[in-house]
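Working notes, structure below.
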Amino acid sequence: MMEIFGIPAAALFGQLLLGLINGAFYAMLSLGLAVIFGLLNIINFTHGAQYMMGAFFAWMLLHYAGLNYWYALVLVPIAVGLVGIVIERLLISRLYKLDHIYGLLLTFGLALIIEGLFRNQYGVSGLPYTIPSQLAGGTNLGFMFLPTYRAWVVVASLVVCLATWFVIERTRLGAYLRAATENPTLVQAFGINVPRLVTLTYGFGVALAGFAGVLAAPIYSLNPTMGSNLIIIVFAVVVVGGMGSILGSIVTGFMLGLVEGLTKVFYPEAAATVIFIIMAIVLLVKPAGLFGRAT
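Just remember that the working numbering sits 1 ahead of the position in the sequence shown, which is counted from 1.
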């Protein structure tokens with residue numbers, strides 16, 4: 002059996018694949034956070050709960066409406082995004098002129114409420130969600146076995162992340178969004194409805210969390226705490242990449258996922274903390290983050 006640095010190749014590449022999978026979710030979730038913070042200046046602690054909602058909404062569509070995974074990929078982000086729009090209009094829109102701590106406290110409280118509702122309804126034992134038949138099985142690459150569904154998750158997350166980056170950084174709509182955060186009065190003078198633009202931006206950021214939840218459903222057991230277990234890591238990814246940096250969230254998400262996977266191979270004891278160690282080092286050297294701009 003081929004070995005690399007004394008580690009069997011299958012074990013090494015298997016952990017790299019797991020790291021890449023985790024990195025895909027880190028990238029998508031931190032991207033949603035970066036969109037909301039970068040364009041709305043709101044620290045959205047509800048993001049983990051909205052990711053969990055995406056997974057459970059996919060399960061509900063399958064068990065109550067008979068709609069499979071492919072329908073869920075389209076319908077669930079829309080549903081979670083609509084829930085986000087309602088939250089933004091009723092609650093978050095009242096906080097834009099206040100200190101960031103108010104938004105953080107509100108969204109943290111909302112996360113606890115949402116998690117509590119799902120915990121009360123479904124318990125904490127976990128619910129299974131079957132991999133769609135079209136993506137079952139895998140391919141033997143010789144040095145490792147590549148599950149088809151996990152490869153799909155990486156490709157789908159990359160496509161969504163890069164498309165989001167392109168829209169925000171390279172299109173007229175993205176220019177309007179960025180301008181609306183810098184000078185909303187001027188943008189409104191051009192006939193653009195800034196409050197509606199802000200609401201739709203929050204809904205889109207939340208929809209990204211819902212999309213990630215659908216992708217996660219067949220891999221992880223559905224549990225009301227699945228979002229709260231992940232959100233702290235995702236916040237660390239956002240800080241390392243740079244608060245509000247779209248490209249930083251994508252690159253750092255995948256990079257830290259791979260670093261975490263390699264750590265599990267060479268020094269498993271540090272796997273749970275390596276991301277936070279990197280965050281501490283980055284904050285010491287470059288407080289604005291790797292891709293952030295100092296203000």
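Just so it is clear, CB atoms sit at the ideal spot from N, CA and C, and this is done for glycine as well. Small disclaimer: the values here were computed from a predicted structure and weren't measured.
Discussion item. Check whether chain C comes within 7 Å of M61, counting only Cβ atoms and requiring the distance to be less than that.
Written reply: Of the protein chains in the structure, only one exists, and it is not chain C.
Discussion item. Tell me the rounded alpha-carbon separation between A273 and F191.
Written reply: 49 Å
Fill in: Helix, strand or coil at I43 [DSSP, three-state]
Per DSSP, reduced to three states, the secondary structure at I43 is coil, with no helix or strand assignment.
Item to complete: Figure out for me which residue from S250, Y130 and S126 has the closest Cα to the Cα of V161.
Response: S250
Worksheet item: So is W71 buried or exposed if we call it buried at 16+ other beta carbons inside 10 Å?
Response: exposed
Worksheet item: Is it right to say E261 is buried, meaning 16 or more other beta carbons lie within 10 angstroms of its own, or is it exposed?
Response: buried
Worksheet item: Under the three-state reduction of DSSP, which class applies to P148: helix, strand or coil?
Response: strand
Worksheet item: Based on Cα-Cα distance, which residue from P225, Q51 and L263 lies nearest to G124?
Response: P225
Worksheet item: DSSP state of L263, grouped into three classes?
Response: DSSP, reduced to helix, strand and coil, places L263 within a helical segment of the structure shown.
Worksheet item: Does the pairing of the segment 81-88 with the segment 140-150 give three or more beta-carbon distances under 8 Å?
Response: No, the segment 81-88 does not touch the segment 140-150.
Discussion item. Between the alpha carbons of V195 and L128, how many angstroms are there, rounded?
Written reply: 41 Å
Fill in: Enclosing alpha helix (DSSP H) for G228 [first to last residue]
From DSSP, G228 is part of no alpha helix (DSSP H); its letter is neither H nor E.
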